[in-house]
Amino acid sequence: MPEQSTTQRKLRSEIRAGLAYTWRHPVIGPLVTTNAITSTVLAGTIAIWVVYLIRELHWSPQTFAVVMSIGASGGFLASLTTPRLTSRYGAGPVMITSLTLAPVSQLPLLLADPGLPGQLGIGCGLFAQLFGAVTHGLTQRTVRQRACAPDMQGRMQATGQWTAFGLRPFAALLAGYAGTTLGLHTTLSLGACLLVLPPLRLALTPIRTLRPATP
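Take 8 as the starting number for the sequence shown in my numbering and just add one per residue.
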């Protein structure tokens, strides 16, 4: 029992150290914050996204599958182009630009009417969103790993994962409630507005001038 108690105290101490290190780091802290905001907001919008497409835009399952395939190709393309983008433009500008694609890519969804033009627009928006998401994800993960002290790698990664995914269930519940009370379109519009915050957060930090892929 004393040994178990000592282990638990050590674990709590390491968790606190990991949280403090991650949040106070001038590069890692802002990246973890922006990841948390983006992940939480997208969890909320995704929770009602399909409902909106089917109920308001009258999509069939076949249409949904085709559009999702178009969007997924954006992520695949990003996995091929991200190294060249960061090499040419730098990690900071690439991360800010890719995060900016998130709110912009919501516009086709918010402006779409039922029919083929709206479906094509949403497909292009989803393509841009996933391209930006994969580009940002690959870049920020590389920057965080190379900026982090070797002995803090595990705790930094755990803090980032906990922060990014811990609020997602609550975001989905809140979005469902908001969609019921405020309306699906209004809730999706609010989500698009909130997605403006992450690129602004990075643009106000020294990360914006981070030229190479490493800090």
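For each residue, glycine too, the CB sits at the ideal point set by N, CA and C.
Residue i: which of the options sits nearest, CA to CA?
| i | options | result |
| --- | --- | --- |
| P205 | R23, G99, G82, I61 | G99 |
| A154 | A24, P37, R23, S20 | P37 |
| R208 | T193, M102, G25, T89 | M102 |
| P110 | S46, L18, G186, K17 | S46 |
| W30 | R215, F83, T188, M159 | M159 |
| S67 | P33, Q126, L145, I44 | Q126 |
| L106 | A27, P176, T40 | T40 |
| T193 | Q69, A79, E63, F83 | E63 |
| T216 | L145, Y184, S20, V34 | V34 |
With a threshold of 16 other CB atoms inside 10 Å of the CB of residue i, please say whether the residue is buried or exposed.
| i | result |
| --- | --- |
| T221 | For T221, the predicted structure reports a pLDDT of 44, less than 50, and the residue's modelled location is therefore unreliable. A value from the coordinates is still provided. Looking at its Cβ environment, which holds fewer than 16 other Cβ atoms inside 10 Å, T221 is exposed. |
| Q113 | buried |
| Q147 | buried |
| L108 | buried |
| L211 | exposed |
| A178 | buried |
| A72 | exposed |
| H143 | buried |
What does the alpha-carbon distance come out to for the pair residue i and residue j?
| i | j | result |
| --- | --- | --- |
| T89 | V150 | 13 Å |
| L137 | P157 | 31 Å |
| Q168 | G25 | 12 Å |
| I77 | L123 | 14 Å |
| L180 | L174 | 10 Å |
| G132 | K17 | 47 Å |
| R162 | A171 | 14 Å |
| T187 | L49 | 18 Å |
| N42 | Y59 | 25 Å |
| P213 | H32 | 12 Å |
| Q69 | F83 | 21 Å |
For residue i versus residue j, is the C-beta distance shorter than 8 Å?
| i | j | result |
| --- | --- | --- |
| V141 | S94 | no |
| G51 | A182 | yes |
| V74 | I22 | no |
| G81 | F134 | yes |
Taking 8 Å as the CB-CB limit, is residue i close to chain B?
| i | result |
| --- | --- |
| L181 | The structure shown contains no chain B; it holds only a single protein chain. |
Does the structure place the region 191–201 close enough to the region 48–68 that three or more beta carbon pairs sit under 8 Å?
yes
Below 8 Å, can you find three or more Cβ-Cβ pairs linking the region 114–126 to the region 164–179?
no
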